[in-house]
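Residue numbers (this note's numbering), protein chains in the order written: chain A, 1 to 263; chain B, 1 to 384.
In what follows, a structure is listed as structure tokens, so that the remarks can point back to it.
Have a look at this one:
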């Protein structure tokens, strides 16, 4: 069941710096929200507070009205799955084993995987087009293959809410579209950190733009993506025009910083 | 010439051309034959798990039989089994051997081999758990200073003649030392939030050195030359003079530790995926790690108290086990326990027989095998 995310004045402070300041945000069940912004804007940090990897120093993170930091980790993991940047490992786990990890929140000590678990894992592998790699060691995959495997792992968690931190940055065009289309098609609530604003405009209901730890714009793509915002947040000169066939706003970046010509 | 032709054939096959098709001029002939991508990526075929366990069980039995049979008084393997069986079910086997043989087997050799197996299994299981807990393939009870910490605790009890807890004083002190050392190394390596291999190994080696120096100092200044010598031999690691009284405490600790670690095999797997990923799949990594450290220290403490510190067993065998059974701890932990037991029984057998009647300290032997293995592992890691 898709969940409702609610952030109330979330702040994260570390090493004397505010990484995230006073972010309040609500995501309705089934909504897909893109989290955009320049490097270091605090996107990943904000997402970490959602999947219990980083406790916020102020504010509350709620899923269906419950504080995620007060419910048990396993209970949260059955309702919210995360896809994060891959961390290099040095142990040869197979692709199947990595995806099967997604079943752990449902398992007790000494409980093995049953036929249902295997079915779910196989379905996740198929959905991400990685069945052929099932027995390959995860560490030896290419960046894009790893990303798809990690998304398959999140699918195996069967959670109604997904948090994805740049799930497409290693993917080729086709797999980018496949992955985001898949997330859309699941009907889950999703918060996705994305760098590509054009892709965000196509796939997401809402775009939420962060800069220096704050949310500076939030709304439907057509409302948020404006030349003025791009100049202010990204310091680039860009033209925004509705796509002739889809009507979705598309951005063409012009060379040089806003207002100044490099030549 | 044949090499060139073979390469051309391979190029045609890759391009799905008929065998006699003319290759385009720019066709790439692999000059130093690279392994095809799929072959590189599919893992080697492994033995079925049941067969693997059966083979390892057989290896363990063979090592144990050899360990009991060999010594200053040689025995036939058949005699060993008949004596042991006779002791378990007296009606089963008629005693046809001189009673002194039975004494040798039952009071000298069996407890020693049993303790070797227990210690080997415990060290290997703890090594595997530590490697997952710090997410580093170079972790090992000795390298991380855990064994040295346990030694300091044990030596303190020996030289100060503390017997507050009776038979448990030595293992308890060793446990406290092991836990203190492990926590120190962990926090030294971790300061700043991230833990790199280099910092972990440096912190471990430095702590281990300081603690062994402390243990040696305590022994030398104890003012009892005879005791100092025996303590020194004990620190090098060995099973000389093992009696039945030494067996129960480490046996219980290793059994408890192994079962508990099997119970948390899934969380251990999650840690292999990284701390954040583990958190996102419902594991409280900090709390889990803290409890696991206590468990590992408990087992290592109980082991070091009876055997001294034996290095590299906990480093090497987990890697061999993962090669055989994969990294999933549910499969790898039983394999590593069997492997460790068989390995240490064999190593102790070698230690007793290589320069008989003298004994090589077993820690010396495992270091001779393990040091090169460690270097090989580091090189392999660097080349990735």
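For every residue, glycine included, the Cβ atom is placed at its ideal position computed from N, Cα and C.
Annotated three-state conformation of residue 207 of chain A is strand, per DSSP.
For residue 19 of chain A, the enclosing beta strand (DSSP E) stretches over residues 17-27.
As DSSP reads the structure, residue 162 of chain A sits in a beta bridge with A:81, A:190.
Along the segment 260-336 of chain B, the alpha helix (DSSP H) occurs as fully enclosed runs of 4 or more residues at 265-272, 275-280, 285-307, 313-325, listed in sequence order. At a beta-carbon threshold of 9 angstroms, none of the residues of chain B lie near residue 59 of chain A; the nearest stands roughly 19 angstroms away.
Interface criterion met: the Cβ of residue 280 of chain B is under 8 angstroms from a Cβ in chain A.
Within the same chain, and ignoring the five residues on either side of residue 60 of chain B in sequence, the residues whose Cβ sits closer than 6 angstroms to its Cβ are 338, 341, 342.
Counting only residues of its own chain and dropping the five nearest sequence neighbours on each side, residue 36 of chain A has a CB closer than 8 angstroms to the CB of 43, 193, 194, 195, 197, 200, 207, 208, 209, 210.
Between residue 308 of chain B and residue 123 of chain B, the C-beta spacing is not below 8 angstroms.
Spatial neighbours of residue 190 of chain B in its own chain (CB-CB distance under 7 angstroms, excluding positions within 5 residues in sequence) are not present.
When the five nearest sequence neighbours on each side are left out, the beta carbons in the same chain lying within less than 7 angstroms of the beta carbon of residue 279 of chain B are those of 285, in order along the chain.
Along the segment 95-133 of chain B, the beta strand (DSSP E) does not occur as any fully enclosed run of 3 or more residues. Taking a C-beta distance under 8 angstroms as the contact criterion, residue 68 of chain A and residue 50 of chain A qualify as a contact pair.
Contact between residue 71 of chain B and residue 109 of chain B holds, since their C-beta atoms are separated by about 6 angstroms, short of 8 angstroms. The C-beta of residue 97 of chain A has 16 or more other C-beta atoms within 10 Å across all chains shown, which makes the residue buried. Neighbourhood of residue 1 of chain A in chain B, by CB distance below 9 angstroms: empty, with the nearest CB roughly 18 angstroms away. Residues of chain B with a Cβ closer than 9 angstroms to the Cβ of residue 93 of chain A are, in chain order, 269, 272, 273, 326, 327, 328. Under a 10 Å Cβ-count criterion, residue 141 of chain B is classified as buried, with 16 or more other Cβ atoms of the shown protein chains found around its own Cβ. Classified as exposed, residue 376 of chain B has fewer than 16 neighbouring CB atoms from the shown chains inside 10 Å of its CB. Residue 292 of chain B counts as buried, since no fewer than 16 other beta carbons sit within 10 angstroms of its beta carbon.
Spatial neighbours of residue 74 of chain A in its own chain (CB-CB distance under 7 angstroms, excluding positions within 5 residues in sequence) are listed in chain order as 105. Measuring C-alpha to C-alpha distances from residue 135 of chain A to each of A:234, A:122, A:60 identifies A:122 as the nearest. In the assembly as shown, residue 234 of chain B is a buried residue. Its beta-carbon has 16 or more other beta-carbons within 10 Å. For residue 204 of chain B, the three-state secondary structure derived from DSSP is helix. Excluding the 5 residues flanking it on each side, residue 218 of chain B has same chain C-beta neighbours closer than 7 angstroms at 155, 156, 159, in chain order.
If you compare the alpha carbons of B:69, B:322, B:344 with that of residue 335 of chain B, the shortest gap goes to B:322. Beta-bridge partners of residue 137 of chain A (DSSP): A:94. Spatial neighbours of residue 54 of chain A in its own chain (CB-CB distance under 6 angstroms, excluding positions within 5 residues in sequence) are listed in chain order as 48.
Comparing alpha carbon positions, the residue from B:345, B:260, B:357 closest to residue 330 of chain B is B:260. Restricting attention to alpha helix (DSSP H) runs no shorter than 4 residues, the segment 196-246 of chain A encloses them at 197-203, 221-224, ordered along the chain. Within chain A, no residue has its beta carbon less than 9 angstroms from that of residue 340 of chain B; the closest one is some 18 angstroms off. Per the Cβ contact rule, the segment 110-130 of chain A is in contact with the segment 143-160 of chain A (3 or more Cβ pairs under 8 angstroms).
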